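Q: Chains as they are written, first to last, in our numbering: chain A, 1 to 340; chain B, 341 to 513.
Attaching a single structure in structure tokens format; questions to follow.
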Amino acid sequence: MKVLLPFVSYEVTMTCNLKCRFCYNHYKNTGEIPKKPTYRQIDKTLRQIFKVFDISQITFTGGEPFTAERFGELVLTARLKGANVGIISNGNFAKAEDYIQIVKLGVKSFELPIHSYKSEIHDFMTRIEGSHQKSLSIISELQKNGITPTAVVVLTKYNCENCDETIRFIASKGINRIMINRYNIGGEGIKNPSELLPTKIQLQQAFKQISDEAQNLKLNITSNVCTPICVLNPKDYLGIRFSSCSFDISKRPITIDYLGNVRFCNHSPEILGNIFENSAEEIIKSPLGKKWAEIIPDYCKDCKDYSKCKAGCRASTQQCGLPLSEPDPIVKIYKNTNNE
Amino acid sequence: MNKEHFLPFVALAIALVGIAFAIASIAVFLSRGKSAYCINKKMKIGACLIMLTSLMSCGNKPNITDDFQETCYEPIETDVFEIVNDTISIAKNDTIKIIIYEPTQKEYIYKITNQENSIIFQNKISLTNSEPNYKNEFDLSFDKKLIPGEYNLILTNSDEDRIFSSQLIIFEN
Numbered sequence: 001m002k003v004l005l006p007f008v009s010y011e012v013t014m015t016c017n018l019k020c021r022f023c024y025n026h027y028k029n030t031g032e033i034p035k036k037p038t039y040r041q042i043d044k045t046l047r048q049i050f051k052v053f054d055i056s057q058i059t060f061t062g063g064e065p066f067t068a069e070r071f072g073e074l075v076l077t078a079r080l081k082g083a084n085v086g087i088i089s090n091g092n093f094a095k096a097e098d099y100i101q102i103v104k105l106g107v108k109s110f111e112l113p114i115h116s117y118k119s120e121i122h123d124f125m126t127r128i129e130g131s132h133q134k135s136l137s138i139i140s141e142l143q144k145n146g147i148t149p150t151a152v153v154v155l156t157k158y159n160c161e162n163c164d165e166t167i168r169f170i171a172s173k174g175i176n177r178i179m180i181n182r183y184n185i186g187g188e189g190i191k192n193p194s195e196l197l198p199t200k201i202q203l204q205q206a207f208k209q210i211s212d213e214a215q216n217l218k219l220n221i222t223s224n225v226c227t228p229i230c231v232l233n234p235k236d237y238l239g240i241r242f243s244s245c246s247f248d249i250s251k252r253p254i255t256i257d258y259l260g261n262v263r264f265c266n267h268s269p270e271i272l273g274n275i276f277e278n279s280a281e282e283i284i285k286s287p288l289g290k291k292w293a294e295i296i297p298d299y300c301k302d303c304k305d306y307s308k309c310k311a312g313c314r315a316s317t318q319q320c321g322l323p324l325s326e327p328d329p330i331v332k333i334y335k336n337t338n339n340e
Numbered sequence: 341m342n343k344e345h346f347l348p349f350v351a352l353a354i355a356l357v358g359i360a361f362a363i364a365s366i367a368v369f370l371s372r373g374k375s376a377y378c379i380n381k382k383m384k385i386g387a388c389l390i391m392l393t394s395l396m397s398c399g400n401k402p403n404i405t406d407d408f409q410e411t412c413y414e415p416i417e418t419d420v421f422e423i424v425n426d427t428i429s430i431a432k433n434d435t436i437k438i439i440i441y442e443p444t445q446k447e448y449i450y451k452i453t454n455q456e457n458s459i460i461f462q463n464k465i466s467l468t469n470s471e472p473n474y475k476n477e478f479d480l481s482f483d484k485k486l487i488p489g490e491y492n493l494i495l496t497n498s499d500e501d502r503i504f505s506s507q508l509i510i511f512e513n
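Right, dumping it as structure tokens:
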């Protein structure tokens, strides 16, 4: 019998054509350059995912998913299996017609980045000149085909000032769904967090600006990297819907890579099991997963908000090589450096 | 002609398109995925197949939902209402204690409707503190002229996109 897993993120490749300074992908932290997988391998894993799990929604991600060999056919397979499909793309690799081909398969959910209203800031963050313009161009093409993508803004030291301007810019493009993801320490971004991390006050001011704009312009803005409440308290930013880390696996978009390795989330480097080697039951009931719920960081033990906050992003804790008894590293960075 | 009359034709079309799809898939396989022409055909036929199967299963549009969860994590639920009283039966002059969790608005509404869903009492709940808390408790009082009986208590936010409803029995003191 299949195990119900409503949301799955599928990492079809680890290759990417951008060099984002903030990239959270855990393999960026290892120094290894992963080999580009073959279509056969990615397809085999995709079919195995549907074989062992009962899925209603699958999000294709990477790396840049369009760099995967015969990516369109992978999406087609998922759609023929009856799943809703979402695509997280940087808008910089594939041509507009490749996106439109996927739209024709009934895919409506696309996430593309707009990190700033200024091209030079966006391009500085992605380290590829012209990436801002390309992303905007794909967004425009999707809109012409009846799709309104979700704009993704990763908040770093470089773009948090005047981020209200960025929100207005995005709204002016006819986009009303925006994901605000604070820079999460990990992956490429682990090399020098101080280079990317805004101060606590900068981060709070940025969220306040964004929240105000969300209310003024009636935008649907979500904060999707779970953040400790002692850093950003959702009650201070009522225009933004905050998400939190759930210990209930069925409520998480469990992440599976093209090798079949299952992880707790896309930020976490810890492998719960492999869909070719372990049963779905074994993976879902993995003691590694239970640890997340059982271990409460000492720092958070007396905090009344722990049940909601759950110590922020502990995948980031893992990426920094810290045990789960430590909260999200951002907490102590802000505390120890008086980074306010 | 209603939907049921079309279904046999849709089923036939699915069978035909399914055969075409199988042929296109074999052609792609034989070309080892190198033929852009064959892949293109497979994609087009596949799109057609998805459209037809969607018609078959849900009536008139592809099975796509607008409510796609694009978040990484579980969203915190906002504007959640809870009635604290153990009973839904209160005396005429009593109040009823409610909690609003994670408010997103400054003002909420509570209504009493009768069994015919006609509003017979309505009042506002204002979050007076400038910084709303995660958990906000309120004592709701009702019109003392209300005739004892069975009612519905409805709690909504001001946009009325979050609605909570509960039975409420009011009796004489």
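We put the beta carbon where it would ideally sit given N, CA and C, even for glycine.
Just so you know, these numbers come straight off a predicted model, no measurement behind them.
Below 9 Å between beta carbons: does that hold for S268(A) and R241(A)?
A: Counting from 1 along the first sequence, the entry for residue 268(A) is found at position 268. Counting from 1 along the first sequence, the entry for residue 241(A) is found at position 241. Contact: no.
Q: Who are the neighbours of L389(B) on chain A, taking C-beta pairs under 8 Å?
A: Taking the second sequence and counting its residues from 1, the one referred to as residue 389(B) is at position 49. Going along chain A in sequence order, the residues near L389(B) (Cβ under 8 Å) are L80.
Q: With a threshold of 8 Å, are at least 3 pairs of Cβ atoms found where one atom belongs to the segment 91 to 99 of chain A and the other to the segment 134 to 148 of chain A?
A: Yes, they touch.
Q: Please list the partners that I379(B) has in chain D, where partner means a Cβ-to-Cβ separation under 8 Å.
A: Among the protein chains in the structure shown, which are A and B, there is no chain D.
Q: With DSSP collapsed to three states, give me the class of S244(A).
A: Along the first sequence, one-based indexing puts residue 244(A) at 244. Reduced to three states, the DSSP call for S244(A) is strand.
Q: Establish whether the CB of E422(B) and some CB of chain A are separated by less than 9 Å.
A: Within the second sequence, residue 422(B) is the residue found at index 82, counting from 1. Not a single C-beta of chain A is nearer than 9 Å to the C-beta of E422(B).
Q: Any contact between the segment 186 to 203 of chain A and the segment 151 to 168 of chain A? By contact I mean 3 or more CB pairs, one from each, below 8 Å.
A: By the Cβ rule, the segment 186 to 203 of chain A counts as touching the segment 151 to 168 of chain A, because three or more pairs are nearer than 8 Å.
Q: Do the CB positions of I147(A) and F110(A) come within less than 9 Å of each other?
A: Here residue 147(A) is taken as the residue at index 147 of the first sequence, counted from 1. Here residue 110(A) is taken as the residue at index 110 of the first sequence, counted from 1. A contact, by the Cβ cut-off of 9 Å.
Q: Using C-beta distances below 7 Å, list every residue in its chain close to K308(A), excluding the 5 sequence neighbours before and after it, in chain order.
A: By one-based count along the first sequence, residue 308(A) stands at place 308. Cβ neighbours of K308(A) beyond the five flanking positions: I229, S244.
Q: Compare the C-beta of Q318(A) against all C-beta atoms of chain B and say whether one is closer than 9 Å.
A: To locate residue 318(A), count along the first sequence from 1; it is residue 318. At a cut-off of 9 Å between beta carbons, Q318(A) makes no contact with chain B.
Q: What are the boundary residues of the beta strand (DSSP E) that includes I254(A)?
A: Indexing the first sequence from 1 puts residue 254(A) at position 254. Start and end: 254 to 257.
Q: Just tell me which of G186(A), L217(A), R168(A) has its CA closest to the CA of G31(A).
A: Here residue 31(A) refers to the residue found at position 31 of the first sequence. A check of alpha carbon separations from G31(A) across G186(A), L217(A), R168(A) identifies G186(A) as the nearest.
Q: Kindly indicate the opening and closing residues of the beta strand (DSSP E) around V424(B).
A: If you number the second sequence from 1, residue 424(B) lands on position 84. First-last for V424(B): undefined, no H or E at that position.
Q: On the three-state DSSP scale, how would you describe V75(A)?
A: Here residue 75(A) is taken as the residue at index 75 of the first sequence, counted from 1. V75(A): helix per DSSP, three-state reduction.
Q: Anyone know if the C-beta pair for A353(B) and I385(B) falls short of 9 Å?
A: Counted from its first residue, the second sequence places residue 353(B) at position 13. Counted from its first residue, the second sequence places residue 385(B) at position 45. Cβ atoms of A353(B) and I385(B): not closer than 9 Å.
Q: Which residues mark the beginning and the end of the alpha helix (DSSP H) in which T166(A) is found?
A: Sequence index remark: in the first sequence, residue 166(A) carries index 166 (1-based). Per DSSP, the unbroken alpha helix (DSSP H) holding T166(A) starts and ends at 163 to 172.
Q: Is DSSP giving S505(B) helix, strand or coil here?
A: What you label residue 505(B) is simply residue 165 of the second sequence in a count that begins at 1. If DSSP states are grouped into helix, strand and coil, S505(B) belongs with the strands.
Q: State yes or no: is the beta carbon of L217(A) nearer than 9 Å to at least one beta carbon in chain B?
A: Locating residue 217(A) in the first sequence gives position 217, where the first residue counts as 1. With 9 Å as the cut-off, L217(A) does not count as an interface residue toward chain B.
Q: Which residue wins for smallest C-alpha separation from Q455(B), given the options L356(B), A387(B), I465(B), P488(B)?
A: Here residue 455(B) corresponds to residue number 115 of the second sequence, with the count starting at 1. Considering only alpha carbons, the answer is P488(B).
Q: Quick one: what does DSSP say F349(B) is sitting in, helix, strand or coil?
A: One-based indexing of the second sequence puts residue 349(B) at position 9. Taken through DSSP and simplified to helix, strand or coil, F349(B) comes out as helix.
Q: Consult DSSP for L389(B) and reduce its assignment to one of helix, strand or coil.
A: Numbered from 1 along the second sequence, position 49 holds the residue referred to as residue 389(B). L389(B) falls in the helix class under three-state DSSP.
Q: Y27(A) versus chain B: which residues are under 8 Å apart at the beta carbon?
A: Here residue 27(A) refers to the residue found at position 27 when the first sequence is read from its first residue. None at all; the shortest Cβ gap to chain B is about 18 Å.
Q: Taking A293(A) as the reference, give the member of L203(A), S246(A), F71(A) with the closest Cα.
A: The count along the first sequence starts at 1 and reaches residue 293(A) at position 293. With distances taken between Cα atoms, A293(A) lies closest to S246(A).
Q: What are the boundary residues of the alpha helix (DSSP H) that N142(A) is part of?
A: Sequence index remark: in the first sequence, residue 142(A) carries index 142 (1-based). At residue 142(A) the sequence reads Leu, which differs from the Asn that was named. Where L142(A) is concerned, the enclosing alpha helix (DSSP H) stretches over 131 to 144.
Q: Between D43(A) and the ligand SAM, is the CB less than 8 Å from at least one heavy atom?
A: The ligand SAM is not part of this structure, which contains no ligands at all.
Q: Which residues mark the beginning and the end of the beta strand (DSSP E) in which R177(A) is found?
A: Position 177 of the first sequence, counted from the start, is the residue given in the question as residue 177(A). Counting along the chain, the beta strand (DSSP E) containing R177(A) begins and ends at 177 to 182.
Q: Examine the Cβ distances between the segment 62 to 70 of chain A and the segment 87 to 97 of chain A and report whether three or more of them are shorter than 8 Å.
A: yes
Q: Anything in chain B within Cβ reach of Q101(A), meaning under 9 Å, just list it in chain order.
A: As a first step, residue 101(A) must be located in the first sequence, where it is residue number 101. Per Cβ cutoff of 9 Å: N380, M383, K384, A387.
Q: Taking only beta-carbon positions, decide if N400(B) is within less than 9 Å of chain A.
A: Position 60 of the second sequence, counted from the first residue, corresponds to residue 400(B). With a pLDDT of only 42 at N400(B), under the threshold of 50, the placement of this residue in the model should not be trusted, and no figure is reported.
Q: Along the chain, where does the beta strand (DSSP E) that runs through N84(A) open and close?
A: On the first sequence, position 84 is the one that residue 84(A) refers to. Boundaries of the beta strand (DSSP E) around N84(A): 84 to 88.
Q: Quick one: which chain B residues come within Cβ less than 7 Å of L76(A)?
A: The residue given as residue 76(A) occupies position 76 in the first sequence. Chain B residues near L76(A): M383, G386.
Q: Is it true that the CB of N497(B) sits closer than 9 Å to the CB of L508(B)?
A: Here the question's residue 508(B) lines up with position 168 in the second sequence. Here the question's residue 497(B) lines up with position 157 in the second sequence. Against a cut-off of 9 Å, the Cβ pair of N497(B) and L508(B) comes out as no contact.
Q: In chain order, what residues of the same chain lie with their CB nearer than 7 Å to the CB of A311(A), ignoring the 5 residues before and after it?
A: Here residue 311(A) corresponds to residue number 311 of the first sequence, with the count starting at 1. The answer, listed in chain order, is P228, P297, C300, P327, D328.
Q: Would G373(B) count as contacting chain A if we go by Cβ distances under 9 Å?
A: Looking up residue 373(B) in the second sequence gives position 33. In terms of beta-carbon proximity, G373(B) lines the interface with chain A, with at least one pair separated by less than 9 Å.
Q: So if I threshold CB-CB distances at 8 Å, which residues from the segment 228 to 249 of chain A count as touching chain B?
A: Taking a C-beta cut-off of 8 Å against chain B, the contacting residues of the segment 228 to 249 of chain A are P234, K235, D236, L238, R241, F242, S243, S244, C245, S246, D248, listed in chain order.
Q: Check whether the Cβ atoms of I167(A) and I128(A) lie closer than 9 Å to each other.
A: Sequence index remark: in the first sequence, residue 167(A) carries index 167 (1-based). Sequence index remark: in the first sequence, residue 128(A) carries index 128 (1-based). For I167(A) and I128(A), no; Cβs fall outside 9 Å.
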